[in-house]
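Shown next, in structure tokens, is the structure this report addresses.
There are 2 protein chains.
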Amino acid sequence: MPTATKTVSDIIQDNFNILTRAERQLANTLLENYPVTGLKSITRLAENADVSTPTVVRMAQKLGFSGFPELQNALRDELEATISNPIAKHDQWSEHAPDTHILNRFADAVIDNMRQTLNQLSPDEFDATCALLADRKRSVHVVGGRITHALADYLFTHLQVIRENVTHLPPNSNIWPHYVLNMKPGDVLVIFDIRRYEQDLINLADMAKASDVTIILYTDQWGSPVAKSAKHRFNIRIEAPSAWDSSVVTLFLLEATIAAVETKIWGVTKGRMKHLETLFDKTKLFR
Amino acid sequence: MPTATKTVSDIIQDNFNILTRAERQLANTLLENYPVTGLKSITRLAENADVSTPTVVRMAQKLGFSGFPELQNALRDELEATISNPIAKHDQWSEHAPDTHILNRFADAVIDNMRQTLNQLSPDEFDATCALLADRKRSVHVVGGRITHALADYLFTHLQVIRENVTHLPPNSNIWPHYVLNMKPGDVLVIFDIRRYEQDLINLADMAKASDVTIILYTDQWGSPVAKSAKHRFNIRIEAPSAWDSSVVTLFLLEATIAAVETKIWGVTKGRMKHLETLFDKTKLFR
DNA sequence: AGGCATTTGTAACAATAATTTCAGAAACGC
DNA sequence: GCGTTTCTGAAATTATTGTTACAAATGCCT
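Written as structure tokens, this is what we have:
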């Protein structure tokens, strides 16, 4: 429960808008290991945040303190109040919300999903998948269903920067055959199929398999029928206190995959990202 | 050097019998309001204990520290260990992979992001946001940037089922003004703007604000400039061991929001979902 | 592109903290 | 009670912290 007086953390939150770049950097460092980092000397704090000591002083004053020592005193007072009250321990995700609040319930569910998913996931399969996606001789095609469309889009957006020859199949399944036409043997097709499974995706997988395309499937714990055509399959826990399933763990897996692939072919990716930067710069000029 | 596992409190207790009168007085003051008193300056600590500063130094050295600052560092380290959330310290996520594997490193980062984000997030703001999105008198508009486009899409897909009058602004910012034209005062505009912040989104926010549209902003820990036009702002931690930022926590927040909104207007949503089912059935017939 | 405002760090300075020295006070033994 | 040892704090000294002034850098707006 929030105390009557504002905590330093609250004050930082409230005034975050009026903070400058360096000050925000500092504010984040402060909040990161709250409040321990703020109890060090101004010099150490500035070092930790990678800003200068005057920045610390200026922010303290901006936040309404006379200087850094006064801010630090406030931190100590807070700490004292917190510690003397052992019930307020950190066993909740959002301390400010009751543990029945949807935020806390959802957080519990997501962590549970993550544990279970990772525990039964085979790192070898993960690594094999990354190797496939990093293989530049193979084109990569990505497709999702009604809900998973956004996930497919996310993977596509990133892969597209990392390497060449990546395509995103459009939502409209009528024209998917046109895309299959362009798939070469050895190509990779990433399919997202979470319940309720979509017949169109099954048909697509069949077609692709017939063209000797390697299929990677992201599905839920019950397993989409696409699995029978897939070379690699990830069963992700998706339960959530909601009428819908959670895509958080799926996104997590995607991001980890993206990170692994980019590391594998960093030489290529680095060049592409640099090139992309210059393209952005040019676009700016046009404006 | 004291053992890593022993706390300063332990050390004091172990050595209490070799302490002198003034030192014992000091030790008791230290333990009385542990560890806050010990985190002040040596002068204040001495004052509190009614001893001289040299006594403090001598005791620190007697206890095996090189001086007072070293003792204080030990206190801070302890505090850090005590305070850090036990939920975050999961030894290994995927037992089958080494803890240096990207899966485990990424999981650590994501959980850390989640913990930090939730700790700083105001449940009131969260609830207020949900109330806005659940208010059927207001139309809802959703827009994302280059990377966050997929997130906007995800939110849109779900909101669209939950309630009527939801639109997703297209990626092409040229025609955004056309959409602003359709926004009525009181409408809600959800903006995703993660670094690097996009100028077009700032312009859009300005335009929308001028039309009395309420803006909800999802941004990162550094804060998009859109914040100045936004009514509600969520600063999400996005750091990941990758060349890109992580969207996992953002997605988590979205899903929790979706769950909350759907609960709020379940009467409406339930009917819409049922209707949707029958529509799907009909589509099937067409095939 | 260039002028203006804002932001940021370097460096000098002031303030405070931490340590050391030393002399007086307390405790102890005989 | 007196010498010896141990303890303690005042004061001096040194080290470090915290603040201020200023100039370079950055970003923004014609």
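Respectively, the protein sequence lines represent chains A and B.
So for the first sequence, this note's numbering puts the first residue at 1; every next one is plus one.
So for the second sequence, this note's numbering puts the first residue at 1001; every next one is plus one.
We put the CB at the ideal spot given by N, CA and C, even for glycine.
Residue B:Ile1012 holds the alpha-carbon nearest to the alpha-carbon of Arg1024 of chain B among B:Tyr1034, B:Ile1012, B:Pro1035 and B:Asn1033.
Around the beta carbon of Phe1016 of chain B, a 10 Å sphere encloses fewer than 16 other beta carbons of the protein chains shown; the residue is thus reported as exposed.
In the displayed model, Leu1151 of chain B falls within a helix according to three-state DSSP. Close partners of Ser1247 of chain B in chain A (Cβ separation under 8 Å): Tyr154, Leu251 and Glu255. Proximity of chain A to Pro1123 of chain B at the Cβ level (cut-off 7 Å) is accounted for by Ser94, His96, Ala97, His101 and Leu103, in chain order. The beta carbon of Pro1185 of chain B sits no closer than 8 Å to any beta carbon of chain A.
In terms of beta-carbon proximity, Val36 of chain A lines the interface with chain B, with at least one pair separated by less than 8 Å. Within chain A, the residues placing a beta-carbon under 8 Å from that of Arg1076 of chain B are Val36, Leu39 and Lys40, ordered along the chain.
Straight across, the Cα-Cα distance linking Ser1041 of chain B with Pro1035 of chain B is about 13 Å. Pro1241 of chain B has a beta carbon lying within less than 8 Å of a beta carbon in chain A. Among the bridge pairs identified by DSSP, Asp1220 of chain B is matched with B:Ile1236. Of all alpha-carbon atoms in A:Gly223, A:Pro170, A:Ile202 and A:Thr7, the one lying nearest the alpha-carbon of Glu78 of chain A is that of A:Thr7.
Taking one beta carbon from each stretch, the stretch 1154-1167 of chain B and the stretch 1205-1212 of chain B have fewer than 3 pairs nearer than 8 Å; the two do not touch. In this structure the stretch 253-262 of chain A touches the stretch 1237-1250 of chain B; the number of beta carbon pairs closer than 8 Å is three or more.
Residue pairing by DSSP places Leu253 of chain A in no beta bridge whatsoever.
With respect to chain A, the C-beta atom of Met1207 of chain B has no partner C-beta closer than 8 Å. Listed as beta-bridge partners of Asp1193 of chain B by DSSP are B:Thr1219.
By the Cβ test, the stretch 1157-1168 of chain B is in contact with the stretch 1141-1149 of chain B, since at least three Cβ pairs between them sit closer than 8 Å. A Cβ-Cβ distance of about 10 Å is found for the pair Leu217 of chain A and Ile236 of chain A, leaving them out of contact under the 8 Å criterion.
Non-local beta-carbon contacts of Ala109 of chain A in its own chain, meaning distances under 8 Å to residues more than five positions away in sequence, involve Glu239, Ala240, Pro241 and Ser246 in chain order. Here the stretch 1054-1067 of chain B makes no contact with the stretch 1100-1114 of chain B; the two share fewer than three CB pairs at distances below 8 Å. Contact note: Glu262 of chain A reaches chain B through Ser1242, Ala1243 and Trp1244, using a C-beta cutoff of 9 Å and chain order. Residue contact with chain B for Met114 of chain A: present (Cβ-Cβ distance below 8 Å to some residue of chain B). Taking every protein chain shown into account, the CB of Glu1198 of chain B has 16 or more other CB atoms within 10 angstroms, so this residue is buried. Residues of chain B whose Cβ lies closer than 7 Å to the Cβ of Arg24 of chain A are, in chain order, Trp1222 and Gly1223. Glu1164 of chain B and Arg1136 of chain B have their C-alpha atoms roughly 7 Å apart. A straight-line Cα-Cα distance of about 10 Å links Thr1278 of chain B and Arg1272 of chain B. Interface annotation for the stretch 268-280 of chain A against chain B: Thr269, Lys270, Met273 and Phe280, criterion Cβ-Cβ distance under 9 Å. For the C-beta of Thr7 of chain A, not a single chain B residue is nearer than 8 Å; the gap to the nearest is close to 11 Å. Of all residues in the stretch 139-150 of chain A, only Arg146, Ile147, His149 and Ala150 place a beta-carbon less than 9 Å from a beta-carbon of chain B.
In this structure, Trp1222 of chain B sits away from Arg1196 of chain B, with a CB-CB distance that is not shorter than 8 Å. Leu75 of chain A has its alpha-carbon roughly 48 Å from the corresponding atom of Glu125 of chain A. If you look at Thr5 of chain A, you'll find it isn't in any alpha helix (DSSP H); DSSP assigns it neither H nor E. Counting the other CB atoms within 10 Å of its CB gives Asn73 of chain A a total below 16, which places it among the exposed residues. In the structure shown, Thr1020 of chain B adopts coil according to DSSP, grouped into three states.
The beta-carbon separation of Thr55 of chain A and Leu30 of chain A, rounded to 12 Å, does not stay under the 8 Å limit for a contact.
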